[in-house]
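Student: Structure below; questions to follow.
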Amino acid sequence: MELNWSTNQLDIKTKSVEQTLEPLVMQVTTLVSSKSPQKSKGKSKRAHVLVAAVERATANFVERGQQIAAENPAIEADMMVAVHEVGQSGEAMSSTAREFASDPCSSVRRGNMVRAARSLLSAVARLLILADMIDVDVLLTKLRRVEDDIEHLKTVSSQAELVESMQNFGHSTHELMAQAAKRQHELKDPAMRDDLAAARAVLKKHSMMLLTASKAYVRHPELAAAKANRDFVLAQVCEAVHTISEVAKGQTPAGGQSSYEGPGELAAAMDDFDASLIINPLTYDENRNRQLLEESLESIISGAALLADSSCTRDDRREKIVAAGNSVRQALQDLLSEYLANAGKVPSDQLDLAIDNMCRRTQDLRRQLRKAVVDHVSDGFLEPDTPLLMLLAAAREGHEKEVEEFGDMFTEHASKLVEVANLACSMSNNEDGVKMVRYAAAQIETLCPQVINAARILAARPKSKVAQENMEVFRDAWMNQVRILTDAVDDITTIDDFLAVSENHILEDVNNCVAALQAGDIDALDRTAGAIRGRSSRICGVVAAEMDNYEPGYYTGRVMEAVQLLAERVMPNFADKVEANVHGHATPMNEFVDAARLVYEGVREIRRAVLLNRGAYDSDAEWENENEPDPGLPSVGDMVDEYPEISGVTTAREAMKKMPEQDRAKIAEQVEVFRVEKRKFDMEVSKWDDNGND
């Protein structure tokens, strides 16, 4: 008979209870699992030592339990019952263990000891859980004080009363957050820890917001927007307090952090589909397997179609997604035909080729979908603060009609951010990152209407100091939340995809910018140049953040050198040229084209530097860009024909495209060997630069 003990059999919520119980569990388990002596029968000396250790541990638990009972009259009766139970169980354990130690070969005595051990461990666990409830009671007491302060805040009618109530609220909230932080550290359940952390963050973030919104409402109670602002913040604070209460009681709060968990739906579906492609031909069932695979694929293609049809998906990307989807469909039919032909047989080479082709097609579809997502991210987060600044400007001038118009624009912008965030989640397998993005997007969605309400208050009372302070707090909260969402989205999109897409977008913007100048469209020139500045700044920021993940060295130095060149030299030069043309001081066309070209080349150089440490198969984005036709920048002068003797071929790119697939593959292989050697050479050269060579 063996002891089947696990602390999970009792509802142990905290690490401290588990850690306190663990030594006793080990001692009892070791005692119970002691093997019969291999030599002559007799008494077990080791068992007697273990029995003494268990007796000392039990006595310590009883003594500590009595102290806790004396210090906490509210639970003294329950604690003394638990202490008495531990004492009784300990005596029974001691008695049966000593009987077993005197005759370790007796199965009856072993069985008696096992039952006594279970009873003792259960009694000690209950004692510890009851002691842990004291901390919970302290937390709930502090929480009730916060709830009382919130109720009082709802009834204040003067600024002086509000200030006093906020001071009380701040003090009680500080104590609650400190106790909640202690509880968070103790909890074993990661989901409950996350819920407590989120609730504490809400309390901290909304304290200043509660003050300014309440001041605005007390000062301007006639404004519906002021009441809506104040009620929103109170609701957020009450929800956070309720979450702390639920977690403290060991319950899972509705709408907690667990609701944001799980990988992206489309990414998970594609992973499951890939895993289901490998089927043993000996067990292949045409009707069942065909139906399952075809249904899975159609579900994926439906999701891909939604992404393709999204408003910000570019036409060329949409066409590539559709083409990739059709290729996957055809590859699946070819694969199913091979499975049918190989049913009940040893797999043939043709079947292996069909599987490889299927994997390549699904990988291409994944790549197109990822690029479509990054298209959205690149556009959606280009200038995220602009709609807010326009709303603020109208509110400060007291233009209520414009505030409503810009409010609609701001709402649309917020919806777009949320949509882009959800699209990014759909194609990510990073569960922690996806959870963060979903939570940040939900915060954006919740906060948006209240930023507009704060603007309405300010527009109605533009001279009011409390309205101005309230607007500033909501502005800062929004901008901070957008930064959090941007960072979270960046974490679940690869930098390779981001740079590949951004390079294409910069090229497109540069072409449009030059075309606008040629057409004399100054507004389009200014607008497009702004987009170029925004994209370049974001590229520099994303790449700099990525380099923080690496140890400083040649690689990071090379990348940051390219970033600094773009940010400190190329972009200021381009901005000067744009500024001159916008204000009527025209610069020569070729100078402007050169300045624009340098922007594109600067972005391309950053991407090349980032890819410097990639292996042959680390970045499929690089190959995609190289195989796509380059739209080219506008240039002054005619294109040089590099192959005058060959009709229809003017550049090396065109010559490459007309080569047979086999020859192109060989050249690509040789190019990759060259790249690997070049990287080795660059790394070697870096060791002998002027700084390191005496």
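Going by the numbering used here, the letters in the sequence shown line up with residues 1476 to 2169, in that order. Beta carbons are placed, not taken as given, at the ideal position from N, Cα and C, and that holds for glycine.
(1) Would you give the residue range spanned by the alpha helix (DSSP H) that residue 1805 belongs to?
(2) Taking a contact to mean a Cβ-Cβ separation below 7 Å, would you say residue 1818 touches residue 1800 in this structure?
(3) Which residue comes first and which comes last in the alpha helix (DSSP H) that contains residue 1992?
(4) With DSSP run on the structure shown, which of helix, strand or coil describes residue 1662?
(5) Go ahead and label residue 1679 buried or exposed: buried means 16 or more other beta carbons lie within 10 angstroms of its beta carbon, across all protein chains shown.
(6) Give the DSSP-derived three-state secondary structure of residue 2061 in the structure shown.
(7) Taking residue 1858 as the reference, which of 2010, 1594 and 1631 has the closest Cα?
(8) Hey, quick one: how far does the alpha helix (DSSP H) through residue 2030 stretch, first residue to last?
(9) Where residue 1773 and residue 1794 are concerned, what is the direct C-alpha to C-alpha distance, given to the nearest angstrom?
(10) How many Å lie between residue 2024 and residue 1543 at the Cα?
(11) Please check the pair residue 2037 and residue 2084, which I expect to be a contact at CB under 8 Å, by giving their CB distance rounded to whole angstroms.
(12) To the nearest angstrom, report how far apart residue 1796 and residue 2045 are at their CA atoms.
(13) Which residue marks the beginning of the alpha helix (DSSP H) containing residue 2007, and which one marks its end?
(14) How is residue 1513 classed by DSSP in three states: helix, strand or coil?
(15) Quick one: what does DSSP say residue 1750 is sitting in, helix, strand or coil?
(16) Below 8 Å, can you find three or more Cβ-Cβ pairs linking the segment 1641-1652 to the segment 1600-1607?
(17) DSSP three-state call for residue 1758: helix, strand or coil?
(18) Counting Cβ pairs, one atom from each stretch, are 3 or more of them under 8 Å apart for the segment 1837-1845 and the segment 1873-1882?
(19) Could you check whether residue 1913 and residue 1735 sit closer than 7 Å to each other, using their CB atoms as the reference points?
(20) If you draw a straight line from the alpha carbon of residue 2062 to that of residue 2042, how long is it in whole angstroms?
(21) Give me the Cα-Cα distance between residue 1662 and residue 1599, rounded to the nearest whole angstrom.
(22) If I measure Cβ to Cβ from residue 1702 and keep anything under 8 Å in the same chain, skipping five residues before and after, which residues do I get?
(23) Measure the beta-carbon distance from residue 1903 to residue 1909 and round it to whole angstroms, keeping in mind my assumption that it falls under 8 Å.
(24) Straight-line CA distance for residue 1930 to residue 1837?
(25) Classify residue 1690: buried if its beta carbon has 16 or more other beta carbons within 10 angstroms, exposed otherwise.
(26) How many Å lie between residue 1925 and residue 1829 at the Cα?
(27) Which one of 1625, 1723 and 1677 has the shortest CA to CA distance from residue 1660?
(28) Can the beta-carbon of residue 2000 be found less than 7 Å from the beta-carbon of residue 1992?
(29) How about residue 1848 and residue 1781: are their beta carbons less than 7 Å apart?
(30) Determine, using beta carbons only, whether residue 1923 and residue 1854 come nearer to each other than 7 Å.
(31) Put residue 1594 into one of helix, strand or coil per three-state DSSP.
Tutor: By the coordinates alone:
(1) By 1-based counting over the sequence shown, the position of residue 1805 is 330. Here the alpha helix (DSSP H) through residue 1805 covers 1790-1817.
(2) If you number the sequence shown from 1, residue 1818 lands on position 343. If you number the sequence shown from 1, residue 1800 lands on position 325. The answer is no: Cβ separation not under 7 Å.
(3) On the sequence shown, residue 1992 is found 517 positions in, with the first residue counted as 1. Counting along the chain, the alpha helix (DSSP H) containing residue 1992 begins and ends at 1970-1994.
(4) In the sequence shown, residue 1662 corresponds to position 187, counting from 1. Residue 1662 falls in the strand class under three-state DSSP.
(5) What you label residue 1679 is simply residue 204 of the sequence shown in a count that begins at 1. Looking at its Cβ environment, which holds fewer than 16 other Cβ atoms inside 10 Å, residue 1679 is exposed.
(6) Indexing the sequence shown from 1 puts residue 2061 at position 586. Residue state, collapsed to three classes: coil.
(7) The residue given as residue 1858 occupies position 383 in the sequence shown. Answer by Cα proximity: 2010.
(8) Along the sequence shown, one-based indexing puts residue 2030 at 555. 2029-2040 is the extent of the alpha helix (DSSP H) around residue 2030.
(9) Mapped onto the sequence shown, residue 1773 falls at position 298. Mapped onto the sequence shown, residue 1794 falls at position 319. Computed Cα separation, rounded: 18 Å.
(10) Within the sequence shown, the letter at position 549 stands for residue 2024. Within the sequence shown, the letter at position 68 stands for residue 1543. In this model, residue 2024 and residue 1543 are separated by some 48 Å (Cα to Cα).
(11) The sequence position of residue 2037 within the sequence shown is 562, counting from 1. The sequence position of residue 2084 within the sequence shown is 609, counting from 1. Indeed, because the Cβ distance is near 5 Å, the residues count as touching under 8 Å.
(12) For the purposes of this step, residue 1796 is taken as the residue at position 321 of the sequence shown. For the purposes of this step, residue 2045 is taken as the residue at position 570 of the sequence shown. Approximately 35 Å, taken between the alpha carbons.
(13) Looking up residue 2007 in the sequence shown gives position 532. Element bounds for residue 2007: 1997-2022.
(14) If you number the sequence shown from 1, residue 1513 lands on position 38. Its pLDDT being 45, under 50, residue 1513 is placed unreliably in this model, and the value from its coordinates should be taken loosely. Three-state result, residue 1513: coil.
(15) Along the sequence shown, read from residue 1 onward, the residue named residue 1750 stands at position 275. Note: residue 1750 maps to helix in three-state DSSP.
(16) no
(17) As a working note, residue 1758 is residue 283 in the sequence shown. If DSSP states are grouped into helix, strand and coil, residue 1758 belongs with the helices.
(18) Counting Cβ pairs under 8 Å, fewer than three are found: no touch.
(19) Within the sequence shown, residue 1735 is the residue found at index 260, counting from 1. Within the sequence shown, residue 1913 is the residue found at index 438, counting from 1. Against a cut-off of 7 Å, the Cβ pair of residue 1913 and residue 1735 comes out as a contact.
(20) Position 587 of the sequence shown, counted from the start, is the residue given in the question as residue 2062. Position 567 of the sequence shown, counted from the start, is the residue given in the question as residue 2042. Answer to the nearest angstrom: the Cα atoms are 22 Å apart.
(21) Translated into the one-based positions of the sequence shown, residue 1662 becomes position 187. Translated into the one-based positions of the sequence shown, residue 1599 becomes position 124. Taking the straight line from one Cα to the other gives about 19 Å.
(22) Locating residue 1702 in the sequence shown gives position 227, where the first residue counts as 1. Closer than 8 Å at Cβ, skipping near neighbours: 1692 and 1696.
(23) On the sequence shown, residue 1903 is found 428 positions in, with the first residue counted as 1. On the sequence shown, residue 1909 is found 434 positions in, with the first residue counted as 1. Contact between residue 1903 and residue 1909 is confirmed by a C-beta separation of about 5 Å, below the 8 Å threshold.
(24) In the sequence shown, the residue the question calls residue 1930 occupies position 455. In the sequence shown, the residue the question calls residue 1837 occupies position 362. Whole-angstrom Cα-Cα distance: 48 Å.
(25) Here residue 1690 refers to the residue found at position 215 of the sequence shown. Classification of residue 1690: buried, given that the 10 Å Cβ count is 16 or more.
(26) Translated into positions along the sequence shown, residue 1925 becomes position 450. Translated into positions along the sequence shown, residue 1829 becomes position 354. One C-alpha to the other measures close to 55 Å.
(27) By 1-based counting over the sequence shown, the position of residue 1660 is 185. Residue 1723 is the option with its Cα nearest to residue 1660.
(28) Counted from its first residue, the sequence shown places residue 2000 at position 525. Counted from its first residue, the sequence shown places residue 1992 at position 517. Contact flag set, yes.
(29) For the purposes of this step, residue 1848 is taken as the residue at position 373 of the sequence shown. For the purposes of this step, residue 1781 is taken as the residue at position 306 of the sequence shown. No, they are not a contact pair.
(30) Stepping through the sequence shown from its first residue, residue 1923 is reached at position 448. Stepping through the sequence shown from its first residue, residue 1854 is reached at position 379. Against a cut-off of 7 Å, the Cβ pair of residue 1854 and residue 1923 comes out as no contact.
(31) As a first step, residue 1594 is located in the sequence shown; it is residue number 119 there, counting from the start. Of the three classes helix, strand and coil, the one that applies to residue 1594 here is helix, per DSSP.
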